[in-house]
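In the UniProt record's numbering, the protein residues as written are 1 to 384. C-beta: ideal position from N, C-alpha, C; glycine also. Comments concern the structure below.
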Amino acid sequence: MVALADLERVDVRVHLAATESYLFAWIGDVDVADQTVNVRTEAGDEEGYLDGIAVSVDPDDERSDGPTGRAIQKREIQTTRDIRDDSRYDPWRGHLEECGVRLSAAIPIVHEETIYGVLNVYADRAKAFEGRERAVLSQLGEVIGHAIAATERKRALMSDDVVELEFRIRNLFDELDIDVPTTGRITLDHTIPIEDDEFLVYENMTLDAIDGLEAVVETLPHWRDVTYRGGGTETRFELRLSEPPVLSTVASLGGSVEDAVIEDGNYQMTIHMAPGAEVRQVVDTVQDAYPAAELLKHRQLGRRNDTVEHARHALTSDLTARQRSALEAAYHAGYYEWPRDASGEEVAESLEIAPPTFNQHLRKAQRKVFDSLLSSPGRYRSTE
């Protein structure tokens, strides 16, 4: 299953549908533009149930209130004890009765709050999807999600090429209906994903851009708050984002925002994706968020600085997500500067975790990086 880690090839569907415990199974993913769920692969659907159904994630559509829609929205397994008594199945009731389905489970395929799709399993036996069976299926969604994430990271790292998308939004402040001076420059430095589809973004800006930044934070709901760190001719700051549409979509597809600059009111952004990634989804998301966005470049490039990127991966590949977040946040917040720009308590507050928890993650991350860099070949390396 781990070796076949993408939505079209994950072999778990075959094993589930081949057992006597389940009738059939299918995996779907979300079409962001249409707000629908597309069937990517299935097994065991001998009655053609999937040929006659449509599933939505649009809150205004009744077809989003079924288990698939709820699993995607809540990132939690959704089960039904008896479909015959559940009105939320009304849009698909006729098809289900023809197939003899009584119970169902919709398992989100997730990794660190990124959702890759949903696995649906159907049964005709009483008490299906209860107790330990429910727990195992829920964990299965996480295992598949982890495998997909690992595969995408490896694919992006090992590929010699990247797909580059460059966008420009002219007069960003006019686009957002913000009446502030448009002078100054704001430059993205680093982005750190944290839990619950939130991100910490570290940036630099000239002093004359402060009013514009604060106006954007007050205007955009996903720009939660800003913390200033450091000083001089430029100000370094930390921005917390909550469910930002562009960044969330790019991250879920294994890409990265390589460069983002707001200068004199104009916004220019460069995104890198692995070859084969769904570029159309990224373009649609950017243009939905910023209707005036222009796609300036769409090209495939040779990866630059391969040696540096491979070395960085070798040093940090053993880190857990929380350890990586703690280490990166500490570094970019200025925890390692002297004197420090941010204390451990302040970094912990940014990550919304307790200081002892931050210290534990940071110490373990440092140990692993130092082991990778300094230990002798064959010596024990920490895996905690």
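Determine, using beta-carbon pairs with one atom in the region 89-101 and one in the region 44-54, whether at least three such pairs fall under 8 Å.
-> Verdict: yes, contact present.
Three-state secondary structure (DSSP) at A5?
-> Note on A5: pLDDT 45, under 50, position unreliable in the model; no value is reported.
So what does DSSP say about Y290, is it helix, strand or coil?
-> Taken through DSSP and simplified to helix, strand or coil, Y290 comes out as coil.
Assigned secondary structure, V101 (DSSP; H/G/I helix, E/B strand, else coil) = V101: coil per DSSP, three-state reduction.
Residues of its chain near S252, where Cβ-Cβ distance is below 6 Å and the 5 sequence neighbours each way are ignored | Answer for S252: T114, listed in chain order.
Hey, would you say T270 sits closer than 8 Å to E142, going by beta carbons?
-> Judged by beta-carbon spacing, E142 lies beyond the 8 Å limit of T270, meaning their Cβ atoms are not closer than that value.
Could you tell me the boundaries of the alpha helix (DSSP H) in which N171 lies?
-> Annotation: N171 is outside any alpha helix (DSSP H) and is labelled neither H nor E by DSSP.
Since I believe G100 is in contact with D85 (beta carbons under 8 Å), could you give me their beta-carbon distance rounded to a whole number of angstroms?
-> About 16 Å separates the two Cβ atoms, so there is no contact after all.
Classification of W338 by the beta-carbon crowding that lies within 10 angstroms, buried from 16 upward = Looking at its Cβ environment, which holds fewer than 16 other Cβ atoms inside 10 Å, W338 is exposed.
Simplified DSSP state of W92, which is helix, strand or coil = The answer is helix: DSSP assigns W92 an H, G or I state.
Which of helix, strand or coil does DSSP assign to Y202?
-> Strand, per DSSP.
Under the three-state DSSP convention, the category F129 falls into | Coil.
As assigned by DSSP and simplified to three states, the class of T21 = Before going further, note that residue 21 is Ser rather than Thr in the sequence given. Note: S21 maps to coil in three-state DSSP.
Can you give me the Cβ contacts of V30 inside the same chain, cut-off strictly under 7 Å, excluding the 5 residues immediately before and after it?
-> The beta carbon of V30 sits closer than 7 Å to those of V37, V57 and I72, all from its chain and outside the five residues before and after it, given in chain order.
Decide if L327 is buried, meaning its Cβ has at least 16 other Cβ atoms within 10 Å, or exposed.
-> Residue burial annotation: L327 is buried, with at least 16 other C-beta atoms found within 10 angstroms of its C-beta.
Would a C-beta distance cut-off of 8 Å place E238 and Y267 closer than the cut-off?
-> No.
Bounding residues of the alpha helix (DSSP H) (the contiguous stretch that carries E263) | Looking at the DSSP string, E263 is not in any alpha helix (DSSP H); the run it does join, the beta strand (DSSP E), is S256 to E263.
What three-state label does DSSP hand H190 in the structure shown?
-> It is a strand residue.
Could you tell me the distance, in whole angstroms, from the CA atom of D264 to the CA atom of N171?
-> For D264 and N171, the gap between their C-alpha atoms comes out near 8 Å.
Buried/exposed call for Y122, threshold 16 Cβ in 10 Å | It counts as buried.
Would you list the residues sitting across from R299 in a DSSP beta bridge?
-> Answer by DSSP bridge pairing, in chain order: E164.
Classify E238 as helix, strand or coil using the three-state DSSP reduction.
-> Three-state result, E238: strand.
State buried or exposed for T357, treating a residue as buried only when at least 16 other CB atoms are found within 10 Å of its CB.
-> Exposed is the call here.
Across which residues does DSSP place H272 in a beta bridge pair?
-> Partner(s): E164 and S256.
Residue environment, G131, which counts as buried when at least 16 other CB atoms sit within 10 Å | Sixteen is the threshold: since fewer than 16 other Cβ atoms of the shown chains lie within 10 Å of the Cβ of G131, the residue is exposed.
Given 8 Å as the limit, is there contact between the region 350-369 and the region 315-329, that is, 3 or more CB pairs closer than that?
-> Using a Cβ-Cβ distance cut-off of 8 Å, the region 350-369 and the region 315-329 are in contact, since at least three pairs of beta carbons, one from each stretch, lie closer than that value.
Can you round the beta-carbon distance between G44 and V55 to whole angstroms, since I take them to be within the 8 Å contact cut?
-> G44 to V55, Cβ: 18 Å. No contact.
Drop a sphere of 10 angstroms on the beta-carbon of P244, count the other beta-carbons inside from all chains shown, and report buried for 16 or more, exposed for fewer.
-> P244 comes out buried.
Close Cβ partners of L295 (< 7 Å) along its chain, the five nearest in sequence each way excluded = Excluding sequence positions up to five before and after L295, its CB lies within less than 7 Å of the CB of L165, F167 and V283, all in the same chain and listed in chain order.
From A314 to A321, what does the alpha carbon distance come to, in whole angstroms?
-> Approximately 15 Å, taken between the alpha carbons.
Going by DSSP, name the residue or residues bridged to P108.
-> For P108, which the question treats as bridged, DSSP gives the partners V118.
Proximity below 8 Å, CB of A260 to CB of L319 = Contact flag unset, no.
C-alpha gap between L200 and D371, whole angstroms | A straight-line Cα-Cα distance of about 27 Å links L200 and D371.
Name the DSSP beta bridge partners of I27, please?
-> Paired residues: T41 and L119.
Identify, in the order they occur along the chain, each residue of the same chain with its Cβ nearer than 7 Å to the Cβ of residue 387, setting aside the five sequence neighbours on each side.
-> This structure gives no information on residue 387, because the portion of the chain shown stretches from 1 to 384.
Pull up the DSSP beta-bridge partners for D225, would you.
-> D225 is bridged to R240.
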